[in-house]
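So the structure is just underneath, and the comments pick up after that.
There are 2 protein chains.
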Amino acid sequence: MTDLQIITSNNGKLREFKEIFGDSKYIPVQNNIDYPEIQASSLEEVVDFGLDWLQKTTKPPFVIDDSGVFIDFFNGFPGVYTRYIYDTIGLNGVLRQMEDVEDRKCTFRCVLGLLTESGEKQKFVGECSGTLIKELRGKGGFGYDPIFIPHGFEKTFAELSSDEKNSISHRGKAMRKLIDFLLK
Amino acid sequence: MTDLQIITSNNGKLREFKEIFGDSKYIPVQNNIDYPEIQASSLEEVVDFGLDWLQKTTKPPFVIDDSGVFIDFFNGFPGVYTRYIYDTIGLNGVLRQMEDVEDRKCTFRCVLGLLTESGEKQKFVGECSGTLIKELRGKGGFGYDPIFIPHGFEKTFAELSSDEKNSISHRGKAMRKLIDFLLK
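Chain order of the listed sequences is A and B. Under our numbering, the first residue of the first sequence carries the number 10, and numbering increases by one thereafter. Under our numbering, the first residue of the second sequence carries the number 10, and numbering increases by one thereafter.
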């Protein structure tokens with residue numbers, strides 16, 4: 010078994026890392042180090058900048074995770090500011106913003122950035138499209154999970170079991186790509 | 010007369026710099042160089058990081074400007090993401106967010122960061138409190154000006170003349186502190 014640092018202060022993300030890595034030879038270990046996340050139009054730019062910055066201070070291997078909800082009708086809002094919007098106007102604020110909006114399509118995206126022991130940088134992207142509903146449903150997951158129904162399902166991310174969510178979620182998909190890479 | 014680089018791609022900000030510097034011995038000159046703005050809870054942090062980054066690449070003296078609207082009811086939203094929110098959900102999105110909100114107090118803040126020729130860093134802060142109204146009024150200014158009435162006035166920033174606006178605005182206040190410092 011090998012430790013793999015996950016640089017995050019988000020316990021929800023860490024839990025999902027542990028669940029998905031469960032049967033691989035890697036053990037996700039939390040590292041709370043704070044690194045700058047830039048204002049940018051894509052998660053990829055945030056991750057690139059973060060990896061460059063952390064490379065100067067932190068011993069690899071480590072993984073960073075930037076994720077967001079991109080609402081079609083609002084040109085991708087809240088996107089890279091998903092967490093900030095959650096902390097300020099909250100899910101009810103997002104629902105208010107969507108009140109009379111018929112096109113409720115959105116995409117959850119997760120970009121994982123890996124710095125390997127040899128200094129190689131890799132990114133792994135996962136996406137999950139679906140619909141924002143009009144009320145909060147379910148107690149599982151975290152963040153925007155109670156208002157998001159993935160395409161092809163009738164339950165929100167917060168109503169699905171964590172195994173079900175991880176099998177289709179943006180983070181699950183990105184993490185399985187990361188694990189495949191690590192095991193190669 | 011001495012040139013002073015203003016590092017911004019925002020023409021509205023540049024125009025206000027030129028108006029307010031009008032009678033001083035400094036001439037604001039635009040520099041379009043792109044620098045990382047971090048995700049942070051305060052404009053000050055964004056400016057500190059920007060000055061540190063630019064110090065490695067750009068010859069001083071130069072000034073950077075980070076400004077935002079902080080809405081009391083929403084714990085400071087949109088704050089450091091003021092421009093992003095303007096570009097995505099727009100002023101109508103902000104008004105929708107405020108539809109049933111009675112407490113409409115907010116504060117415009119401007120933080121200027123200066124790197125002097127000798128490598129000294131200074132910050133200058135200006136604030137202007139007021140009220141967000143329920144519709145857009147006026148053609149002047151830029152950004153959130155059409156929905157903001159400064160405390161003690163009956164016109165929006167976009168309805169005031171630029172001289173009137175500059176005399177009370179967050180950016181005007183911060184810039185006069187900067188000019189005082191430069192002339193000392």
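Glycine residues also receive a C-beta, built at the ideal position from the N, C-alpha and C atoms. What you are looking at is a predicted structure, and each value in this text was computed from that prediction instead of being measured.
The beta carbon of TYR95 of chain A sits no closer than 8 Å to any beta carbon of chain B. Only those residues of the segment 27-50 of chain B whose C-beta falls short of 7 Å from the nearest C-beta of chain A are listed: PRO45, GLU46, ILE47, GLN48. Taken through DSSP and simplified to helix, strand or coil, PRO155 of chain A comes out as helix. Chain B has a Cβ within less than 8 Å of the Cβ of ILE98 of chain A.
In the DSSP assignment, LYS22 of chain B falls within the alpha helix (DSSP H) that extends over 20-30.
Here ASP43 of chain B carries a coil assignment [DSSP, helix/strand/coil].
Put simply, of A:TRP62, A:TYR35, A:ASP57 the residue whose alpha carbon is nearest the alpha carbon of ILE42 of chain A is A:TRP62. The beta-carbon of GLY85 of chain B is placed less than 8 Å from the nearest beta-carbon of chain A. Shown here, ARG113 of chain A sits in coil according to DSSP, grouped into three states, outside any helix or strand.
With a threshold of 16 other beta carbon atoms within 10 Å, SER50 of chain B falls short and is exposed. Neighbours of PHE71 of chain B in chain A, taken as residues whose beta carbon is under 9 Å from its own, are absent, since the nearest beta carbon is some 19 Å off.
Under a criterion of Cβ atoms nearer than 7 Å, no residue of chain B is adjacent to GLY122 of chain A; the nearest Cβ is some 16 Å distant. Here LYS193 of chain A carries a coil assignment [DSSP, helix/strand/coil]. Looking at the backbone, the Cα of GLY149 of chain A and that of THR67 of chain B are separated by about 49 Å. Every alpha helix (DSSP H) stretch that sits fully inside the segment 143-188 of chain A and reaches 4 residues is listed by chain position as 171-177. By the Cβ neighbour-count rule, GLU126 of chain A is exposed, with fewer than 16 other Cβ atoms within 10 Å of its own.
Taking a C-beta distance under 8 Å as the contact criterion, LEU145 of chain A and SER33 of chain A do not qualify as a contact pair.
In summary, no residue of the segment 137-171 of chain A has a CB separated from any CB of chain B by less than 8 Å. Judged by beta-carbon spacing, GLY147 of chain B lies beyond the 8 Å limit of ARG180 of chain B, meaning their Cβ atoms are not closer than that value. A straight-line Cα-Cα distance of about 12 Å links SER138 of chain A and PHE166 of chain A.
Just so you know, the alpha carbons of ILE188 of chain A and TYR93 of chain A end up roughly 29 Å apart. Residue contact with chain B for PHE133 of chain A: absent (no Cβ-Cβ distance below 8 Å to any residue of chain B). The DSSP-derived three-state label of GLY59 of chain A is helix. GLY85 of chain B and SER170 of chain A have their C-alpha atoms spaced approximately 35 Å apart. For GLY139 of chain B, the enclosing beta strand (DSSP E) starts and ends at 130-141. In the three-state reduction of the DSSP assignment, ILE98 of chain A falls in the coil class. For GLN14 of chain A, the nearest beta carbon of chain B is not closer than 8 Å to its own beta carbon. Taking a Cβ-Cβ cut-off of 9 Å, the neighbours of GLY102 of chain A in chain B comprise PHE83, PHE86, GLN106, given in sequence order. Straight through space, the alpha carbons of GLU163 of chain A and ILE156 of chain A are spaced by roughly 12 Å. Residue environment: GLY21 of chain A is assigned as exposed (fewer than 16 neighbouring CB atoms within 10 Å of its CB, all protein chains considered). PHE58 of chain B has a beta carbon lying within less than 8 Å of a beta carbon in chain A.
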